[in-house]
Amino acid sequence: MSAVLKLRDVYKSFGGNHVLTGISFDILSGELVGLLGPNGCGKSTVLNAITGYCPIERGSIELNGQRVDALPPHEVAARAVRRTFQLPSMPARMTVGEVLMAASTQRHGLFATLLPSARTKHIEAQTRERARQLLDELLLAKVAHLPAASISGGQKKLLGIACALMGEPSLLLLDEPMAGVHPNLRTELMRVLKSINERGVTLVVVEHDMHFIAQTCARCIVLDRGRTVADCTPSELEHHEGVVEAYLGRTTKTATAPLRAQGTIGATA
Ligand SMILES: Nc1ncnc2c1ncn2[C@@H]1O[C@H](COP(=O)(O)OP(=O)(O)OP(=O)(O)O)[C@@H](O)[C@H]1O
Ligand SMILES: [Mg+2]
Numbered sequence: 004m005s006a007v008l009k010l011r012d013v014y015k016s017f018g019g020n021h022v023l024t025g026i027s028f029d030i031l032s033g034e035l036v037g038l039l040g041p042n043g044c045g046k047s048t049v050l051n052a053i054t055g056y057c058p059i060e061r062g063s064i065e066l067n068g069q070r071v072d073a074l075p076p077h078e079v080a081a082r083a084v085r086r087t088f089q090l091p092s093m094p095a096r097m098t099v100g101e102v103l104m105a106a107s108t109q110r111h112g113l114f115a116t117l118l119p120s121a122r123t124k125h126i127e128a129q130t131r132e133r134a135r136q137l138l139d140e141l142l143l144a145k146v147a148h149l150p151a152a153s154i155s156g157g158q159k160k161l162l163g164i165a166c167a168l169m170g171e172p173s174l175l176l177l178d179e180p181m182a183g184v185h186p187n188l189r190t191e192l193m194r195v196l197k198s199i200n201e202r203g204v205t206l207v208v209v210e211h212d213m214h215f216i217a218q219t220c221a222r223c224i225v226l227d228r229g230r231t232v233a234d235c236t237p238s239e240l241e242h243h244e245g246v247v248e249a250y251l252g253r254t255t256k257t258a259t260a261p262l263r264a265q266g267t268i269g270a271t272a
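For what it's worth, my numbering labels the leading residue of the sequence shown as 4, then goes sequentially.
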């Protein structure tokens, strides 16, 4: 399978803080990959670098064989890439439904507004139907009429995912989609993300929730101190020296026990 995304020796610092010090990995078409690592190791920075929010200093990022590391966010997005944010913020003057409609890639243009044709009306109807499906799927239908800024943190997370899906991405990057989402809804969200992946969308998911990682990802990439320290299956995580060191800073035969006990690695249910 071909590499959709290729990072090579990506380097990024903020002042004296050397956050990414040579990140390299490939993501293949159709994969659902978990991106893990301790707090502050640079996971969100990697997503920001890929999507053009944070220019890198060295190395390269390719999307489908083309360099994108010097492109601004809207040009990366134009290549069917969508992302969510760890802490989403929503506009105060738009409703949830309006935010979702605005996230659509379908554009009708000025003439369409002045002289709506049968075709533009058809596109708008399709867009509304897609928005309605996503509101239902992500349990947001009941809050569709509310100001987007007024809904809960967990609901904003779900709205961020719905907006990303309105963009019909071929590559979707999610930053901690499970955080702040009620446990009952997490199972549903896992099902939604799996089915999106089964429909051909490549997913990279930053997540601390090991249940999610074990249940949905075939592959995990672990970052620590600015580097890729593991690229393995979820079941290999608890025995991986680089992973144990990343979370505990030491490697002994019993080192994984506390990680397993606290659910950081190895939890599958
Ligand atoms: N725009 C910025 N300006 C200055 N420092 C930044 C910026 N963005 C990130 N950093 C720093 O980069 C480091 C990595 O941050 P990042 O948000 O990528 O970590 P993370 O792995 O996503 O952590 P978490 O699991 O807590 O979300 C942190 O030390 C952070 O303070
Ligand atoms: Mg983060």
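The beta-carbon is built from N, C-alpha and C at its ideal position, and this holds for glycine as well. None of these values were measured; they are calculated from a predicted model.
Around the beta carbon of His242, a 10 Å sphere encloses fewer than 16 other beta carbons of the protein chains shown; the residue is thus reported as exposed.
The beta carbons of Leu206 and Val13 sit no closer together than 9 Å.
Around the Cβ of Thr108, a 10 Å sphere holds fewer than 16 other Cβ atoms; the residue is exposed.
In this structure, Gln89 has its beta carbon less than 8 Å from a heavy atom of ligand 1.
Checking the DSSP bridge columns, you'll see Ser63 partnered with Arg11.
Between the segment 66-86 and the segment 172-180, the count of C-beta pairs closer than 8 Å reaches three or more; the two stretches touch. Distances taken from the Cβ of Thr48 to the heavy atoms of ligand 1 include one shorter than 8 Å. In the structure shown, Thr231 adopts extended strand secondary structure according to DSSP, grouped into three states. In summary, Asn200 is buried, with 16 or more beta-carbon neighbours lying within 10 Å of its beta-carbon over all protein chains present. In this structure, DSSP gives Pro150 an extended state, which the three-state scheme calls strand. Using a C-beta cut-off of 8 Å, the segment 17-28 makes contact with the segment 227-234, since at least three inter-stretch Cβ pairs fall below that distance.
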